[in-house]
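S.K.:
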């Protein structure tokens, strides 16, 4: 933890290489045709995220995704402030899909009549 990036302990590097090999094996077991197309592989960890992104304990998705966080009454698209709405992943759940869901929840909070018009975007 206290070492610089690319200057970590041998134990850390070995652990990282072990995980990298495992992830690569799982990928290639599912998609063997990719093996000859791979030019470079690198693996990041929570320490990598901390260093490059300035995160805390590797958390790159904003608020901690714990049961307590999802029970917060204030974490909703509609706020007590008139015409102030929250959107993004922290309103719904982590990641890109969470950000998309957060945007949809926000749009619905702003204009509930949008539901029938936007529903067709989600259905085949």
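Residue numbers (the numbering used here): 489 to 612. C-beta atoms are modelled at their ideal positions from N, C-alpha and C, and glycine is treated no differently. Nothing here was measured: the structure is a model prediction, and the numbers come from that model.
Under the three-state reduction of DSSP, which class applies to residue 513: helix, strand or coil?
M.R.: In the chain shown, the residue the question calls residue 513 occupies position 25. Note: residue 513 maps to helix in three-state DSSP.
S.K.: Flag this pair as touching only if the stretch 557-575 and the stretch 522-537 have three or more C-beta atom pairs under 8 Å; answer yes or no.
M.R.: no
S.K.: Would you report the Cα separation of residue 597 and residue 525, rounded to the nearest angstrom?
M.R.: Residue mapping note: residue 597 aligns to position 109 of the chain shown, counting from 1. Residue mapping note: residue 525 aligns to position 37 of the chain shown, counting from 1. Cα to Cα, the separation comes out at about 45 Å.
S.K.: On a CA-only basis, which of 535, 519, 521, 577 is nearest residue 503? Give me that one, please.
M.R.: Working through the chain shown from its first residue, we reach residue 503 at position 15. The residue with the shortest Cα to Cα distance from residue 503 is 535.
S.K.: Ordered along the chain, which non-local residues of its own chain (more than five positions away) have a Cβ less than 7 Å from that of residue 603?
M.R.: Here the question's residue 603 lines up with position 115 in the chain shown. Taken in chain order, the residues that qualify are 596.
S.K.: In this structure, how does DSSP classify residue 566 when only helix, strand and coil are distinguished?
M.R.: Walking along the chain shown from the start, residue 566 turns up at place 78. The answer is strand: DSSP assigns residue 566 an E or B state.
S.K.: Considering Cα atoms alone, identify which of 600, 509, 511 is closest to residue 565.
M.R.: If you number the chain shown from 1, residue 565 lands on position 77. When each option's Cα is compared against that of residue 565, the closest is 600.
S.K.: Count the other CB atoms within 10 Å of the CB of residue 592; is the residue buried (16 or more) or exposed (fewer)?
M.R.: For the purposes of this step, residue 592 is identified with residue 104 of the chain shown, where counting begins at 1. Answer is buried; the Cβ neighbour count reaches 16.
S.K.: Apply the 10 Å Cβ neighbour rule to residue 590 and answer buried if 16 or more other Cβ atoms are within range, or exposed otherwise.
M.R.: For the purposes of this step, residue 590 is identified with residue 102 of the chain shown, where counting begins at 1. Residue 590 should be labelled buried.
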